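79 is the number that full-length UniProt numbering gives to position 79 of the sequence shown; each next residue is one higher, with no gaps.
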Amino acid sequence: MNPQRVAGAITNGHLDQLNRERAGQRFCHARQYIQRYRAEVTAADRTAIADLVTTFFATFVSGPDSAARFDQIHRALLPQALIIRAGTEPATYDVESFLAPRRTLLSSGELTDFREWEVSGRTDVFGDIAQHSCRYAKAGTLNGAPFTGEGTKIFQFLRTPAGWRISAVSWSDDT
C-alpha cells in the first residue's frame with residue numbers, strides 16, 4: 001500500500017474505506033489460493049479415498065473371507081492410526097486393539113450375517129489431508145438374535161508416498 005495514500009486517507013478521514021479495500025484484497029488473494037488448492041485435488045484422489053472407505057466397511061462382514069479382508073484393512077490404515085468410539089464412555093484404540101476382537105467375533109460364528117454399509121457421505125480434500133464424514137447402517141445376528149443399527153463415522157486421511165491412508169476413524173452409534 002502506498003504510504004502517501006495511507007497518510008492522505010488518515011488526514012481526510014477515509015481510513016474505513018482504506019481498510020475495506022485492504023480486506024477485499026486479502027479476501028481476493030485467499031479465494032484465489034483456495035481455488036488453486038482445490039483444483040489440485042484430482043478425481044484419482046477422490047477415488048482412492050472412496051476405495052479406502054469401501055475397504056473399511058467391507059472388512060467388517062462376517063463369513064469365510066474375513067481373514068483376507070483384514071489383510072486389506074492393514075494396508076489401508078497407517079500403522080499408527082487411531083480409532084475412537086464416541087459416547088458416554090469414549091474408547092481409543094490403536095490398530096491392533098481395534099481389529100483383534102472384531103476379527104475373532106466375525107470369524108467365530110457368534111456374529112453372523114453381519115455387515116456395515118455407508119448410507120450417505122461427504123469427502124473434503126485439502127492437499128495432503130482429507131476427511132470423509134458419513135452416516136452408516138449395520139445389521140447382523142449376535143448369538144441368534146437379529147439386530148440393526150446406524151450411526152456416524154468420520155474418517156481422516158493422509159497422503160503418503162505410498163498413496164492415501166486412513167490416519168483416524170471416529171464413530172458414534174445412535175442409541
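Ideal Cβ positions, reconstructed from N, Cα and C, are used throughout, including at glycine. Keep in mind that this is a model prediction, so the values were computed, not measured.
### Query
Taking buried to mean at least 16 other C-beta atoms within 10 Å of its own C-beta, is residue 129 buried or exposed?
exposed
Worksheet entry | Reduced DSSP category for residue 85 - H, G, I as helix; E, B as strand; rest coil | strand
Going by C-alpha distance, which of 172, 127, 173 is nearest residue 157? Across the set 172, 127, 173, the C-alpha of 127 shows the shortest separation from the C-alpha of residue 157.
| task | Identify, in the order they occur along the chain, each residue of the same chain with its Cβ nearer than 6 Å to the Cβ of residue 54, setting aside the five sequence neighbours on each side. | result | none
* To do: With DSSP as the reference, please indicate the residues paired to residue 118 in a beta bridge.
  => 136
**Report entry** Residue range of the unbroken beta strand (DSSP E) whose run includes residue 91
**Finding:** Unbroken beta strand (DSSP E) run through residue 91: 91 to 93.
Under a Cβ-count criterion, where at least 16 other Cβ atoms within 10 Å of its own Cβ denotes burial, should residue 155 be classed as buried or exposed? buried
Handout entry: Nearest-angstrom Cα separation, counted from residue 125 out to residue 60
Key = Taking the straight line from one Cα to the other gives about 25 Å.
**Report entry** Own chain partners of residue 95 with C-beta closer than 7 Å, once the 5 adjacent residues on each side are dropped
**Finding:** 77, 79, 81
**Asked** How would you label residue 151, buried or exposed, when you count the other beta carbons within 10 angstroms and need 16 or more for buried?
**Response** buried
Exercise. For the stretch 44 to 51 against the stretch 158 to 169, are there 3 or more C-beta pairs whose distance is under 8 Å?
Worked result: Verdict: yes, contact present.
Self-check item: 8 Å contact criterion, which residue 66 and residue 112 should meet: CB distance rounded
Solution: Not confirmed; about 11 Å, so no contact.
(request) Could you tell me if the beta carbon of residue 126 falls within a distance shorter than 7 Å of some heavy atom in the ligand ZN? (result) Ligands in the displayed structure: none, and consequently the ligand ZN is not present.
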